[in-house]
Amino acid sequence: MDDLTIARMIHILAVICWIGGVAFATTVVIPSVKALPSSERLTAFHRIESRFAPQARIWLLFAGASGLWMIQRGGMWDRFGDLHFWWMHAMLCVWSIFFVVLFIVEPLILRRRFEVWAARSPDGAFRLLHRAHVLLLGLSLVTVIGAVAGSRGFSPL
Numbered sequence: 012m013d014d015l016t017i018a019r020m021i022h023i024l025a026v027i028c029w030i031g032g033v034a035f036a037t038t039v040v041i042p043s044v045k046a047l048p049s050s051e052r053l054t055a056f057h058r059i060e061s062r063f064a065p066q067a068r069i070w071l072l073f074a075g076a077s078g079l080w081m082i083q084r085g086g087m088w089d090r091f092g093d094l095h096f097w098w099m100h101a102m103l104c105v106w107s108i109f110f111v112v113l114f115i116v117e118p119l120i121l122r123r124r125f126e127v128w129a130a131r132s133p134d135g136a137f138r139l140l141h142r143a144h145v146l147l148l149g150l151s152l153v154t155v156i157g158a159v160a161g162s163r164g165f166s167p168l
């Protein structure tokens with residue numbers, strides 16, 4: 012088995028675990044937390060998020076490293092100059108958004124501000140959190156569909 016095959020296997024596994032986790036958080040965890048009494052929401056959310064966020068960070072790093080390996084090893088840098096490979100731009104964009112959120116915004120800014128906001132306005136805080144997750148999940152799913160179709164030769168352009 013060659014290194015590109017191994018990288019592809021790692022990449023697909025990482026994306027499944029990462030985006031699958033986003034789907035679970037968006038469609039199950041956040042709605043369940045929103046249904047709790049306001050006084051219990053933040054504690055429940057932190058209990059779940061503290062276990063999920065480290066996993067999301069690890070899978071995100073595996074997806075990025077394996078994707079970079081495949082691009083470099085496969086000599087695919089020129090694809091970023093061709094709009095027929097829009098899905099590669101989308102993968103990089105979605106990955107970059109999650110990287111910034113998981114490694115910079117959430118731990119350095121959002122964590123403290125969200126606690127204050129959730130204490131003051133739990134409905135508003137969790138509504139925005141849910142909407143942000145729905146948006147990110149939607150972008151992620153369009154990207155996954157585009158990448159699967161595009162890697163098999165489909166291009167709407």
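Read in order, the letters of the sequence shown are residues 12 to 168 in our numbering. We treat Cβ as the ideally placed atom computed from N, Cα and C, and that holds for glycine. The structure displayed is predicted, hence computed values, not measured ones.
Exposure of residue i, with buried meaning 16 or more beta-carbon neighbours within 10 Å
i: residue 22; result: buried
i: residue 137; result: buried
i: residue 157; result: buried
i: residue 61; result: exposed
i: residue 91; result: exposed
i: residue 133; result: buried
i: residue 43; result: exposed
i: residue 129; result: buried
Proximity below 7 Å, CB of residue i to CB of residue j
i: residue 148; j: residue 16; result: no
i: residue 59; j: residue 40; result: yes
i: residue 151; j: residue 30; result: yes
message: Does the structure place the stretch 158-167 close enough to the stretch 42-59 that three or more beta carbon pairs sit under 8 Å?
response: no
task: Mind the definition here: the stretch 61-74 touches the stretch 113-129 only if three or more C-beta pairs lie below 8 Å; say whether that holds.
output: yes
field: Given 8 Å, three or more beta-carbon pairs between the stretch 73-80 and the stretch 100-113
entry: Remark: three or more beta-carbon pairs, one from each stretch, lie closer than 8 Å, so the stretch 73-80 and the stretch 100-113 are flagged as touching.
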